[in-house]
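First the structure, in the form of structure tokens, and then the observations on it.
Number of protein chains: 2
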Amino acid sequence: MSAGSPTPEPPTPALPTPYLRVDVDRLRANVERAAGAAATAGVALRPHAKTHKSVDVARLQLEAGAAGLTVATVGEAEAFAEAGVGDLFVAYPLWLTDALADRLRALADAGVRLAIGVDSVRGAQSAGRLLAGSGVEVVVEVDSGHHRSGCDPRLAGDVAAAAAGAIGVRGVFTFPGHSYSPDGRASAARDEAQALATARASLESAGLAVAVASGGSTPSLAHTETTVLDEVRPGVYVFGDAQQWELGSMPADDIALTAVATVVSHAGGRLVLDAGSKVLGADRAAYATGFGRLLEHPDARLVQLSEHHAVAELPGPLPALGSRVLVVPNHCCTAVNLADVLVPTVGGTPWPVTARGRNG
Amino acid sequence: MSAGSPTPEPPTPALPTPYLRVDVDRLRANVERAAGAAATAGVALRPHAKTHKSVDVARLQLEAGAAGLTVATVGEAEAFAEAGVGDLFVAYPLWLTDALADRLRALADAGVRLAIGVDSVRGAQSAGRLLAGSGVEVVVEVDSGHHRSGCDPRLAGDVAAAAAGAIGVRGVFTFPGHSYSPDGRASAARDEAQALATARASLESAGLAVAVASGGSTPSLAHTETTVLDEVRPGVYVFGDAQQWELGSMPADDIALTAVATVVSHAGGRLVLDAGSKVLGADRAAYATGFGRLLEHPDARLVQLSEHHAVAELPGPLPALGSRVLVVPNHCCTAVNLADVLVPTVGGTPWPVTARGRNG
Chain S
1 MSAGSPTPEP PTPALPTPYL RVDVDRLRAN VERAAGAAAT AGVALRPHAK THKSVDVARL
61 QLEAGAAGLT VATVGEAEAF AEAGVGDLFV AYPLWLTDAL ADRLRALADA GVRLAIGVDS
121 VRGAQSAGRL LAGSGVEVVV EVDSGHHRSG CDPRLAGDVA AAAAGAIGVR GVFTFPGHSY
181 SPDGRASAAR DEAQALATAR ASLESAGLAV AVASGGSTPS LAHTETTVLD EVRPGVYVFG
241 DAQQWELGSM PADDIALTAV ATVVSHAGGR LVLDAGSKVL GADRAAYATG FGRLLEHPDA
301 RLVQLSEHHA VAELPGPLPA LGSRVLVVPN HCCTAVNLAD VLVPTVGGTP WPVTARGRNG
Chain U
1001 MSAGSPTPEP PTPALPTPYL RVDVDRLRAN VERAAGAAAT AGVALRPHAK THKSVDVARL
1061 QLEAGAAGLT VATVGEAEAF AEAGVGDLFV AYPLWLTDAL ADRLRALADA GVRLAIGVDS
1121 VRGAQSAGRL LAGSGVEVVV EVDSGHHRSG CDPRLAGDVA AAAAGAIGVR GVFTFPGHSY
1181 SPDGRASAAR DEAQALATAR ASLESAGLAV AVASGGSTPS LAHTETTVLD EVRPGVYVFG
1241 DAQQWELGSM PADDIALTAV ATVVSHAGGR LVLDAGSKVL GADRAAYATG FGRLLEHPDA
1301 RLVQLSEHHA VAELPGPLPA LGSRVLVVPN HCCTAVNLAD VLVPTVGGTP WPVTARGRNG
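Those protein sequence lines, which keep their order, are chains S and U. Residue numbering for the first sequence follows our numbering, beginning at 1 and increasing consecutively. Residue numbering for the second sequence follows our numbering, beginning at 1001 and increasing consecutively.
Okay, here's the thing in structure tokens:
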């Protein structure tokens, strides 16, 4: 495994910028910290692999005790199944076509333990019809306050019942995405627990057992109510990013993913870098203080972002023209999906972003 | 050439969503309209290929009379040179390393007419030292009000003089990116002309000829001051996007690039689509009314965007679960860079996004 070398090495200076760099020591520490916390709390950890899309990172997670992986798309499931991952949950309310159902059946036939999300009676009926006899299970998605997908938790039993005659119902899940707000981490975890408890009761009223109540996000992880949740699915915790830094859920010292960028200009007395939105992604949440941060200059802010330019303002002397700086993307998941490889600080061989672009 | 079939065909219904669709009739009309306007105005059109990264689209542009292509990176230049494009301008203030200079020399040695940007005396000295005798020319970038890269136009002669002893100086260029504001299109074009006129005078004061004064952006294109500019470098005009639609620089009927998405949920009485930020990009300018638009539902707005969910609000009945809609990304350049292929409405064979991810 390419992450296995014990000897840290600096990134190859000759590598052309911009590129994504993984601090392997920090990555390992992040993986082990979350695995330890989940084990102590008695919840299963099923990390979301959309963050890294990397077989190398998935192996670290599974070796540390992850119960399986979460993915967002059938394409991601196929990529990780091909790499030998045997337990996958597509945490998304897929709208099944015959073609999509055939691909899921093929994965199950190959021995993968597989579940998908549903969030409506019609979606559940469709899954029951198209996946009957496949061994694929469904998990009912409920809305815990993020207001994206997911049904009302009180209706989870109706959704589950629409599939239950035809295929297995594993349980209920939610994504407490409203944890991504400056003061929302603990309250989102409370909402998550309440929604999952309501959903569990709704299934049980319909005579259906709930094997798994699954939630989790990186910002809310430390507040997980383990009396209700059986499983958590954080993704970002492996790398961290400027969002986690600014939300206070990960300190800068834990951030394992940066874009290595060259200072190409001092135009206007500011720092102009060659890593733009086609490297960092353009995510900018309402609470973000800029388009990204500089790891070694905590007072700097990326105040302007184009496809191939990031403009930073910072106090004090500017890093020299031609020097390299480490840029922390706002959202690591979208940055990773823009790269073909991640460059580890240990081992020398780039890690392929195997599931990059597997959106369908 | 794959765009050459005369018979329109509907997109293959079996193709899994999400994917990017190119309306070839609209694309051709956009290419020909800009080529005709440039010819009438007597300015050279050197389209920015970072928008499409596609050899198929580049061929349409060159067949319509483009003088060559603009690119943002050496990697893009290599991709288009390999496809046979013989005249390339890297409109970016590259900070040259030995490795980057070697790659540029190799392109020039292969017969490509090549120029790169410089925006500082030190950058120009470096280009002169590392590219002497290569045949590669430099073009001095000046800031016309976008305040990204580019030197003060009054200092353009100093920058040019720092290279002129060693390599050829072709002229001056700017990107009037502040045209991307609701009322900024005409005024940005005036700023562009003024900056280029000042820069031209600065070079001439230093005893240097200016063969090309180059500008252009899609929003400002109709306002180009052709008494000053010799060349324009718009990119987005080939496809259009929600930004151009909202700025008023391209009508919805000209938009040639959309993401085909499936309605996966009606959670909360809203439309949830399977094309998220990993397909559309997360660009959202201050003036944007949402994260994207729906081509066939002008009153709809994408009010929430995650990696694999776009949530739309619209008046009237929601399109059915499982139906497909055409999503207009806010910024076509970043959407294209997320895809491996573009699916044309004519010809059947997907067009590779050849220069995707070529950031360095």
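Heads up, the beta-carbon is just placed ideally off N, CA and C, and yes, glycines get one too.
Any chain S beta carbon closer than 8 Å to residue i
| i | result |
| --- | --- |
| alanine 1304(U) | In the sequence on display, residue 1304(U) carries glutamine and not alanine. Yes - at least one Cβ of chain S is within 8 Å of the one on glutamine 1304(U). |
| aspartate 1119(U) | yes |
| arginine 1233(U) | no |
| glutamate 1307(U) | yes |
| threonine 1073(U) | yes |
| valine 1343(U) | no |
| cysteine 1332(U) | no |
Residue i, DSSP secondary structure in three states
| i | result |
| --- | --- |
| arginine 270(S) | coil |
| tyrosine 1092(U) | strand |
| alanine 259(S) | strand |
| glutamate 1076(U) | helix |
| alanine 1117(U) | Before going further, note that residue 1117(U) is glycine rather than alanine in the sequence given. Three-state DSSP puts glycine 1117(U) in a strand. |
| serine 1265(U) | strand |
| aspartate 1087(U) | strand |
| histidine 1297(U) | strand |
| alanine 1386(U) | A query on residue 1386(U) cannot be resolved here, the shown segment of chain U reaching from 1001 to 1360 and no further. |
| arginine 1284(U) | coil |
| glycine 1157(U) | helix |
| alanine 1320(U) | coil |
| alanine 163(S) | helix |
| glycine 292(S) | strand |
| threonine 974(U) | Nothing can be reported for residue 974(U): it is not among the residues displayed for chain U, which extend from 1001 to 1360. |
| glutamate 231(S) | strand |
| leucine 1208(U) | coil |
| glutamine 1194(U) | helix |
| alanine 3(S) | The predicted position of alanine 3(S) is uncertain, since its pLDDT is 36 and thus under 50; a value taken from the coordinates is nonetheless stated next. Helix at alanine 3(S). |
Beta bridge counterpart(s) of residue i as assigned by DSSP
| i | result |
| --- | --- |
| glutamine 1445(U) | Missing from the structure shown is residue 1445(U); chain U here goes from 1001 to 1360 and no further. |
| arginine 200(S) | Partner(s): none; arginine 200(S) has no beta bridge. |
| proline 18(S) | Note: proline 18(S) sits in no beta bridge, so no partner. |
| phenylalanine 173(S) | Glu141(S), Ser214(S) |
| alanine 1099(U) | Bridge partners of alanine 1099(U): none, in fact. |
| cysteine 1151(U) | Val1142(U) |
| histidine 361(S) | One cannot answer for residue 361(S) here, as it falls past the ends of chain S, which runs 1 to 360. |
| leucine 27(S) | In the DSSP output, where bridge partners are listed per residue, leucine 27(S) has none listed. |
| valine 341(S) | Pro352(S) |
| proline 329(S) | Gly292(S) |
Residue i classed as buried or exposed, judged by whether at least 16 other C-beta atoms fall within 10 angstroms
| i | result |
| --- | --- |
| alanine 355(S) | buried |
| glutamate 1231(U) | buried |
| glutamate 385(S) | Outside the displayed range of chain S (1 to 360) lies residue 385(S), so it cannot be described from this structure. |
| serine 1323(U) | exposed |
| alanine 1186(U) | exposed |
| glycine 1207(U) | exposed |
| histidine 349(S) | The residue asked about is misnamed: residue 349(S) is threonine in this sequence, not histidine. By the 10 Å Cβ count, threonine 349(S) comes out exposed. |
| glycine 1171(U) | buried |
Closer than 8 Å to chain U by CB, residue i
| i | result |
| --- | --- |
| alanine 189(S) | no |
| proline 93(S) | yes |
| aspartate 283(S) | yes |
| leucine 247(S) | no |
| alanine 127(S) | no |
| leucine 100(S) | yes |
| threonine 354(S) | no |
| leucine 321(S) | yes |
| valine 279(S) | yes |
| proline 18(S) | yes |
| threonine 258(S) | no |
| serine 149(S) | yes |
| alanine 160(S) | no |
| threonine 174(S) | no |
Looking at C-beta atoms only, is the number of pairs between the stretch 1336-1351 of chain U and the stretch 1268-1275 of chain U that lie closer than 8 Å three or more?
no
So, does the stretch 284-302 of chain S touch the stretch 50-66 of chain S, judging by three or more C-beta pairs under 8 Å?
no
Please identify, using Cβ separations under 8 Å, the residues of the stretch 25-57 of chain S that lie next to chain B, in order along the chain.
Reference to chain B is not applicable here, since the protein chains of this structure are S and U.
If you pair each beta-carbon of the stretch 1258-1270 of chain U with each one of the stretch 143-156 of chain S, do three or more pairs fall below 8 Å?
yes
Tell me, please, whether the stretch 1173-1183 of chain U touches the stretch 1131-1148 of chain U by the rule of three or more beta-carbon pairs shorter than 8 Å.
yes
Validate contact between the stretch 101-109 of chain S and the stretch 243-263 of chain S using beta carbons, cut 8 Å, 3 pairs
Taking 8 Å as the limit for Cβ pairs, the verdict is that the stretch 243-263 of chain S does not touch the stretch 101-109 of chain S.
Flag this pair as touching only if the stretch 307-326 of chain S and the stretch 205-219 of chain S have three or more C-beta atom pairs under 8 Å; answer yes or no.
no
Answer yes if the stretch 1071-1089 of chain U comes into contact with the stretch 1342-1358 of chain U, meaning at least three C-beta pairs across the two stretches below 8 Å, and no otherwise.
yes
Touching by the beta-carbon criterion (3+ pairs, under 8 Å), the stretch 1123-1142 of chain U and the stretch 1154-1165 of chain U
yes
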